[in-house]
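Chemist:
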Amino acid sequence: MAELNYGLSELALEIRGMVREFAEARVKPVRAELDETGHFPTEILRELGKMDLMGLYIPTEYGGTFEGDSMPNLIAVEELSRICIGVSVSFAANGLGADPILLGASDEQKKKFLPALASGEKWAAYALTEPNAGSDAGSIRTTAVKKGDKYVLNGTKQWITNGGEADIYTVFAVTDKNRGARGVSCFIVEKGTPGFTFGKKENKLGIRASATRELIFEDCEVPAANLIGREGTGFIWAMKTFDVSRPGIAAQAVGLAQGALDEAVTYAKVREQFGKPIIANQGLSWMLADMATKVETARALTYATVQSIDRGVKDYSKFSAMCKVYASDVAMQVTTDAVQVFGGYGYMKEYPVEKMMRDAKILQIYEGTNQIQRDIIGLALNKEYGAVAKK
Amino acid sequence: MHIVVCVKQVPNTTQVRINPETNTLVRDGVESILNPFDENALEMALQLKEKHAGTKVTVLTMGPPQAAEVLKEAVGRGADAVVLLCDRAFAGSDTWATSYALSTAIRKLEPADLVLFGKQAIDGDTAQVGPGVADWLGMPCIAYARKIEIADGRAVVERAFEDGYEKLETPLPCALTVLKEANVPRMASLRGKMAAKKLALQPTTAEAVGADPAKLGLNASPTRVVKIFSPPPKTGGVKWQGEEPAVLAQRLADLLRERKLI
């Protein structure tokens, strides 16, 4: 198949081949069942760990294979997403959970927690959202009170991806309620810590294989050594994490949309009505053309953003938001159109496209709703053009 | 423990044709793969390695230089050492001569506790080489193994049949031919693939393993291929369709009863 040359490294291409083969062989045969039953893809993640694919974003000094090129991990997410984003989010949420550690933790903390994540022996999760703190993440109410060489955590986190399945959680809690967002700190909390329990697994519209649970902290004592950075820096790690993780959501969107496009074109070539394949109808082929164009533009923006971050572009928050909002809107449109191409069959669970459409919706919601992304882009524009006007 | 796994590079049989002039497989333009049953043998070895610390897995193949590809695949999955037995002298060997050649190479390695083979290769389908090598090496051989447990220098093996299985115990060393149902072969790891890329494979010659030239190659092979052909598709018979399954089942039962088959 013809493809653009994005200048991918040998490693990125190797990973693409490996994960594509893996997703076809191991994920495709079970994705409908995982969706139906809501079973967490434990075996799939274990196998990805054995294949050295869980540490693509972790530097080599901490047991991973990252040496400055973020594309291999991004492409692994994209290729898994092509087959099932319920699986890919369970894979990618490890990176999200580990990002505050990578960004803000001390060398000692990194050495303690990252190698087991890199090998896939342990899994991670990121815990910011609360029942009353969604888009307004600065208004979280979980508290952490210092007591000797411990912090005592109390509160509830909501909709935590990999909740209950992960071993290592990066948890945001208020250490100084008088300072608002500047009073938030980030802690590494290990599963099994007394006072740390899980709520029920949520029953969701899509990404049903992924585990989404409440985290409940009741007088949970966490070693002070597990504080990331200084007290009050938590919100900075939370936001910096999103700046680097949002292209990952975009990669999920690109992969999902590509998967839907693959299904739609293949079907349109074999489905015959009025004595000819339906792809021979201009109305339908133009629809497919628009879908393909959207997928490629979403991919191009996402790759360009990540490659720019790797090349040292500092001010990338706006672009991270752009690729997340754009690619996830594309995924929603393309998966909806894929169902349309399949017609009545597309609405049936025997075919994969209705699942893709259900799965796509979350991409417009999680890791900052698309309205929040547009806020970020708008704020950046306001700031950038303001500076120009002053000159 | 030292485990030797013998593997074969085979054409992907989904696209194979036979040349009617020469009675040989047409290999041109056909993708080569690691024989699927050998993948199960390799997986069995790698799982034993994970279970028994200090185990070494050596993968051996005999074939042309390009057979190195299946050895690279094996390294990608976790094999510790590989041997490519490659020499003009081996060309045209049948199962007898191949078994002999492989056995000489295995004798040159550190003593093997276990020699594993796939049940059969999907090109020739003889299922003879595994037991043949075991015979040359004077080892007990259990064909059609689906499970193995090793303890105290002995192996307990499940040998499967269509209608059941036997549980057999044998001292080591022994040879097994492994079934597909034994396991699900793993895929190569990233670090394994990187190691495989760096692999500089030196072919091992017939002379290096001290093989007797009189027992090698086409001339030493007792097998003579008289004819290979694709069996003609079955014709005739009765086909019923388009009716309710219950009606068709009744009709089938009536017919079988009429012919006194049930």
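Order-wise, the sequence lines are chains R and L.
Quick note on numbering: my numbering labels position 61 of the first sequence as 61, and the sequence is numbered without any gaps.
Quick note on numbering: my numbering labels position 13 of the second sequence as 13, and the sequence is numbered without any gaps.
The beta carbon of each residue, even a glycine, is placed where N, CA and C say it ideally should be.
Model, not experiment: these values are computed from the prediction.
1. Work out the CA separation of R/Ala12 and L/Gly138 for me, nearest whole Å.
2. Would you tell me roughly how many angstroms separate the C-alpha atoms of L/Pro203 and L/Gly76, rounded to the nearest one?
3. Would R/Leu48 and R/Phe91 be called neighbours here (beta carbons separated by less than 8 Å)?
4. Kindly indicate the opening and closing residues of the alpha helix (DSSP H) around R/Gly104.
5. Would you say L/Val30 and L/Val16 are within 8 Å of each other, going by their C-beta atoms?
6. Considering only C-alpha positions, which residue in the set R/Val174, R/Phe22, R/Thr37 and R/Lys269 is nearest to R/Val77?
7. With 8 Å set as the bound, which would you pick, yes or no: does the beta-carbon of R/Thr42 sit closer than that to a beta-carbon of chain L?
8. Should R/Trp286 go down as buried or exposed, given a rule of 16 or more other Cβ atoms within 10 Å for buried?
9. At the 8 Å Cβ level, is R/Glu67 part of the contact set with chain L, yes or no?
10. According to DSSP, which residues form a beta bridge with L/Asn19?
11. Are the C-beta of L/Met44 and some C-beta of chain R separated by less than 8 Å?
12. For R/Asp52, return the contacting residues in chain B, with the cut-off set at a CB-CB distance below 7 Å.
13. To the nearest angstrom, how far is it from the Cα of R/Phe242 to the Cα of R/Thr161?
14. Let me check one thing: in DSSP terms, what residues is R/Thr161 bridge-paired to?
15. Which of the three DSSP states is assigned to R/Thr156 in this structure?
16. Between which two residues does the beta strand (DSSP E) carrying L/Glu158 extend?
17. Could you tell me which of R/Ile309, R/Ala268 and R/Lys361 sits nearest to R/Leu74, measuring between CA atoms?
18. Count the other C-beta atoms from every protein chain shown that fall within 10 angstroms of the C-beta of R/Ser9, then say buried if there are 16 or more, exposed otherwise.
19. Identify every residue that forms a DSSP beta bridge with L/Leu60.
20. Per DSSP, R/Phe217 is paired with what?
21. Just confirm the distance between the C-beta atoms of R/Asn281 and R/Asp329, as a whole number of angstroms; I'd bet it's less than 8 Å.
22. Distance, Cα to Cα, L/Val7 vs R/Glu3?
23. Closer than 6 Å by C-beta to R/Arg82: which residues in its own chain qualify, once you throw out the five before and the five after it? Chain order, please.
24. Between R/Glu221 and R/Gly199, how many whole angstroms is the CB-CB distance? I'm expecting something under 8 Å.
25. Tell me the residue span of the alpha helix (DSSP H) that contains R/Tyr345.
26. Answer with buried or exposed for L/Thr104, where buried requires no fewer than 16 other C-beta atoms within 10 angstroms of its C-beta.
27. L/Thr98 and L/Met44 - do their beta-carbons sit closer together than 8 Å?
28. What's the gap between the Cα of R/Tyr6 and the Cα of R/Thr293?
29. Please look up how many angstroms separate the CB atoms of R/Leu114 and R/Ile58, rounded, as I've assumed it's under 8 Å.
30. Is it buried or exposed, L/Ser230, if we count other Cβ atoms within 10 angstroms and call 16 or more buried?
31. Output the boundary residues of the alpha helix (DSSP H) element that contains R/Thr37.
32. Please report the Cβ distance between L/Asp123 and L/Leu25, rounded to the nearest whole angstrom; I am assuming they are in contact, meaning their Cβ atoms lie under 8 Å.
33. Cβ of R/Glu202 less than 8 Å from any chain L Cβ?
34. Output, in chain order, the set of chain L residues within a Cβ distance shorter than 9 Å of R/Phe22.
35. Please work out which residues of its chain come closer than 6 Å, Cβ to Cβ, to R/Ala253, disregarding the five sequence neighbours upstream and downstream, and give them in chain order.
36. Can the beta-carbon of R/Thr297 be found less than 8 Å from the beta-carbon of R/Phe319?
Modeler: Straight from the coordinates:
1. Here the question's residue 138 of chain L lines up with position 138 in the second sequence. Here the question's residue 12 of chain R lines up with position 12 in the first sequence. Here the alpha carbon of L/Gly138 sits roughly 48 Å from the alpha carbon of R/Ala12.
2. Position 203 of the second sequence holds residue 203 of chain L. Position 76 of the second sequence holds residue 76 of chain L. Their backbone Cα atoms lie some 19 Å apart in a straight line.
3. Within the first sequence, residue 48 of chain R is the residue found at index 48, counting from 1. Within the first sequence, residue 91 of chain R is the residue found at index 91, counting from 1. For R/Leu48 and R/Phe91, yes; Cβs fall inside 8 Å.
4. Taking the first sequence and counting its residues from 1, one reaches residue 104 of chain R at position 104. First-last of the alpha helix (DSSP H) with R/Gly104: Ile85 to Gly104.
5. Along the second sequence, one-based indexing puts residue 30 of chain L at 30. Along the second sequence, one-based indexing puts residue 16 of chain L at 16. It is a contact, given that the beta carbons lie within the stated cut-off.
6. As a working note, residue 77 of chain R is residue 77 in the first sequence. The residue with the shortest Cα to Cα distance from R/Val77 is R/Phe22.
7. By 1-based counting over the first sequence, the position of residue 42 of chain R is 42. Closer than 8 Å: no.
8. By one-based count along the first sequence, residue 286 of chain R stands at place 286. Its Cβ having fewer than 16 others within 10 Å, R/Trp286 is exposed.
9. To locate residue 67 of chain R, count along the first sequence from 1; it is residue 67. With 8 Å as the cut-off, R/Glu67 does not count as an interface residue toward chain L.
10. Taking the second sequence and counting its residues from 1, one reaches residue 19 of chain L at position 19. The partner list for L/Asn19 (beta bridge, DSSP) reads L/Thr24.
11. Walking along the second sequence from the start, residue 44 of chain L turns up at place 44. So no, L/Met44 is outside the interface.
12. As a matter of chain content, chain B is missing from the structure shown, whose protein chains are R and L.
13. As a working note, residue 242 of chain R is residue 242 in the first sequence. As a working note, residue 161 of chain R is residue 161 in the first sequence. Cα-Cα distance, rounded: 15 Å.
14. Position 161 of the first sequence, counting from 1, holds the residue named residue 161 of chain R. DSSP output for R/Thr161 lists R/Thr212 as bridge partner(s).
15. Here residue 156 of chain R is taken as the residue at index 156 of the first sequence, counted from 1. In the structure shown, R/Thr156 sits in a strand (DSSP, three-state: E or B).
16. The residue you call residue 158 of chain L lines up with position 158 of the second sequence. Counting along the chain, the beta strand (DSSP E) containing L/Glu158 begins and ends at Arg154 to Phe161.
17. The residue you call residue 74 of chain R lines up with position 74 of the first sequence. Taking only the C-alpha atoms, the option nearest R/Leu74 is R/Ile309.
18. The residue labelled residue 9 of chain R in the question sits at position 9 within the first sequence. Only exposed fits R/Ser9, as fewer than 16 other CB atoms lie within 10 angstroms of its CB.
19. One-based indexing of the second sequence puts residue 60 of chain L at position 60. Answer is L/Cys6 and L/Val83, bridged to L/Leu60.
20. The residue you call residue 217 of chain R lines up with position 217 of the first sequence. Paired residues: R/Gly155 and R/Phe196.
21. Looking up residue 281 of chain R in the first sequence gives position 281. Looking up residue 329 of chain R in the first sequence gives position 329. The Cβ separation is near 26 Å, so there is no contact.
22. By 1-based counting over the second sequence, the position of residue 7 of chain L is 7. By 1-based counting over the first sequence, the position of residue 3 of chain R is 3. Approximately 36 Å, taken between the alpha carbons.
23. One-based indexing of the first sequence puts residue 82 of chain R at position 82. Correct list, in chain order: Gly255, Gln258 and Gly259.
24. Counting from one through the first sequence, the residue named residue 221 of chain R turns up at place 221. Counting from one through the first sequence, the residue named residue 199 of chain R turns up at place 199. That pair is no contact at about 20 Å.
25. Locating residue 345 of chain R in the first sequence gives position 345, where the first residue counts as 1. Element bounds for R/Tyr345: n/a, residue is neither H nor E.
26. Indexing the second sequence from 1 puts residue 104 of chain L at position 104. With 16 or more other Cβ atoms from the protein chains shown falling within 10 Å of its own Cβ, L/Thr104 counts as buried.
27. For the purposes of this step, residue 44 of chain L is taken as the residue at position 44 of the second sequence. For the purposes of this step, residue 98 of chain L is taken as the residue at position 98 of the second sequence. In this structure, L/Thr98 does not lie closer than 8 Å to L/Met44 by Cβ.
28. Position 6 of the first sequence, counted from the start, is the residue given in the question as residue 6 of chain R. Position 293 of the first sequence, counted from the start, is the residue given in the question as residue 293 of chain R. So the alpha carbons of these two residues sit roughly 16 Å apart.
29. The residue you call residue 114 of chain R lines up with position 114 of the first sequence. The residue you call residue 58 of chain R lines up with position 58 of the first sequence. Rounded, the Cβ-Cβ distance is 5 Å, consistent with contact.
30. Along the second sequence, read from residue 1 onward, the residue named residue 230 of chain L stands at position 230. Classification for L/Ser230: exposed.
31. Here the question's residue 37 of chain R lines up with position 37 in the first sequence. Arg31 to Thr37 is the extent of the alpha helix (DSSP H) around R/Thr37.
32. In the second sequence, counting from the first residue as 1, residue 123 of chain L sits at position 123. In the second sequence, counting from the first residue as 1, residue 25 of chain L sits at position 25. Right, their Cβ atoms sit about 6 Å apart.
33. Your numbering for residue 202 of chain R matches position 202 in the first sequence. No, R/Glu202 does not count as interfacial toward chain L.
34. As a working mapping, residue 22 of chain R is identified with position 22 in the first sequence. Near R/Phe22 (Cβ distances below 9 Å), the residues of chain L are Met187.
35. As a position in the first sequence, residue 253 of chain R is number 253, starting the count at 1. Excluding residues within five positions, the ones whose Cβ falls inside 6 Å are Ala327, Ser328, Ala331 and Leu363.
36. Translated into positions along the first sequence, residue 297 of chain R becomes position 297. Translated into positions along the first sequence, residue 319 of chain R becomes position 319. Against a cut-off of 8 Å, the Cβ pair of R/Phe319 and R/Thr297 comes out as no contact.
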